[in-house]
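In terms of this note's numbering, the sequence shown opens at residue 196 and continues consecutively. All C-beta atoms, glycine included, are put in the ideal place defined by N, C-alpha and C.
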Amino acid sequence: MTAPVTTLIIPGEGPNCKQTFRMSFFVPEEFQESPPVPTNQAVYIEDRPEIELYSRQFSGYASENDFITEGYSLYQLLEADAVADAQYAPWYMVGYNSPYDFVNRRNEVWFLRTVAENKN
């Protein structure tokens, strides 16, 4: 398994708030020049630019509710510190372990950081 596995959560609009989930898997460096070609149209290769983010790490076999709880904790910490450049939506649920690892699991919640363009 490759790590991390990221799930982008895009909150929906309106009263029902249907969310979109986009799961991504890391392609190891030795395959990045010529990654395997997907055979399913719903699967695609995405080249991600470098990002800056705020992260909260936690352990355990995390459920979606655990990620939401930890995300809210990170939100509260950033708000308490008056962090102005955190984007709370969309956000990421991140896992580093195989589903068969039951101890010493690493999970993270990510909020993207708004980075001002360098105008030099």
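Between residue 291 and the set 266, 254 and 263, the nearest pair of CA atoms involves 254. Per the coordinates, the alpha-carbon of residue 288 lies some 23 angstroms from the alpha-carbon of residue 277. The region 268–276 and the region 293–310 touch, with no fewer than 3 CB-CB distances between them shorter than 8 angstroms. Non-local C-beta neighbours of residue 252 in its own chain, meaning closer than 6 angstroms and more than five positions away in sequence, comprise 303, ordered along the chain. In the displayed model, residue 263 falls within a helix according to three-state DSSP. At a Cβ-Cβ threshold of 8 angstroms, residue 222 and residue 197 count as neighbours.
According to the DSSP assignment, residue 303 belongs to the beta strand (DSSP E) that extends over 302–308.
Cα atoms of residue 203 and residue 219: separation of roughly 8 angstroms, rounded to the nearest angstrom. Here residue 230 has 222 and 240 as same chain residues with Cβ atoms under 8 angstroms from its own Cβ, once five neighbours each way along the sequence are excluded. Around the Cβ of residue 262, a 10 Å sphere holds 16 or more other Cβ atoms; the residue is buried. Among the bridge pairs identified by DSSP, residue 215 is matched with 205.
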